[in-house]
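Asks: Its first residue numbered 68, the sequence shown is counted upward by one per residue in this note's numbering.
Please read through the structure below; I'll follow up with questions.
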Amino acid sequence: MGCKISPCRQRGFTLIELIVVIAIIGILAAVAMPNMQNAPKRAREAVLKEDLYQMRSSIDQYLGDRGEYPGSLQELVDAGYLRFMPIDPVTKSADTWIEIAADAEDVEELQPFDDDVGGGGTGIMDVLSGAEGNAVDGTPFSEF
Numbered sequence: 068m069g070c071k072i073s074p075c076r077q078r079g080f081t082l083i084e085l086i087v088v089i090a091i092i093g094i095l096a097a098v099a100m101p102n103m104q105n106a107p108k109r110a111r112e113a114v115l116k117e118d119l120y121q122m123r124s125s126i127d128q129y130l131g132d133r134g135e136y137p138g139s140l141q142e143l144v145d146a147g148y149l150r151f152m153p154i155d156p157v158t159k160s161a162d163t164w165i166e167i168a169a170d171a172e173d174v175e176e177l178q179p180f181d182d183d184v185g186g187g188g189t190g191i192m193d194v195l196s197g198a199e200g201n202a203v204d205g206t207p208f209s210e211f
């Protein structure tokens with residue numbers, strides 16, 4: 068059946084409508100891209116904060132149970148307070164954690180705990196990341 072008397076009306080989008088939709092999608096993508104580029108960095112930072120929280124909680128639990136600070140992070144693993152030594156997501160190593168001695172005289176001058184030096188033999192009271200650099204928000208990793 069043909070349209071002999073009136074022209075057939077064809078349904079579809081015009082070129083202008085398609086261009087407008089593509090432009091809107093492009094603008095939305097341009098707005099979303101900066102946020103998406105930082106997503107992996109923010110995820111690593113979130114894992115780092117959670118790992119530090121878990122290790123600090125384990126140190127506190129150890130202190131509460133035994134009345135003394137653990138001698139090292141490995142002692143927390145050996146005693147069952149941690150299942151395994153967490154890997155720093157920024158440095159990708161389990162050996163870069165900085166153990167802070169429990170017998171520091173001044174909180175402002177906390178020194179890394181060194182088994183060879185001794186540190187009074189009172190164990191570690193805190194742990195910091197050994198990662199260099201800053202987070203996305205500008206905070207140094209060592210201040211997490």
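All C-beta atoms, glycine included, are put in the ideal place defined by N, C-alpha and C.
Whose C-beta lies closer than 8 Å to the C-beta of Q128 among residues of the same chain, with five residues either side of it excluded?
Replies: Around Q128: Y148.
Asks: Evaluate S125 with the Cβ neighbour count: other Cβ atoms within 10 Å of its Cβ, from every protein chain shown; 16 or more gives buried, anything less gives exposed.
Replies: buried
Asks: Distance check for T163 and A106, CA to CA, integer angstroms please.
Replies: Spanning the alpha carbons of A106 and T163 requires a straight line of approximately 24 Å.
Asks: Looking at the structure shown, is V194 part of a helix, part of a strand, or coil, going by DSSP?
Replies: DSSP places V194 in strand when its eight states are reduced to three.
Asks: Quick one: Cα of T189 to Cα of Y136, how far?
Replies: Using only the alpha carbons, I get a separation of about 6 Å.
Asks: Whose C-beta lies closer than 6 Å to the C-beta of M46 among residues of the same chain, with five residues either side of it excluded?
Replies: Here the chain comprises residues numbered 68 to 211, so residue 46 is not present and cannot be evaluated.
Asks: Name, in chain order, the residues that DSSP records as bridge partners for D204.
Replies: D204 is not bridged to any residue.
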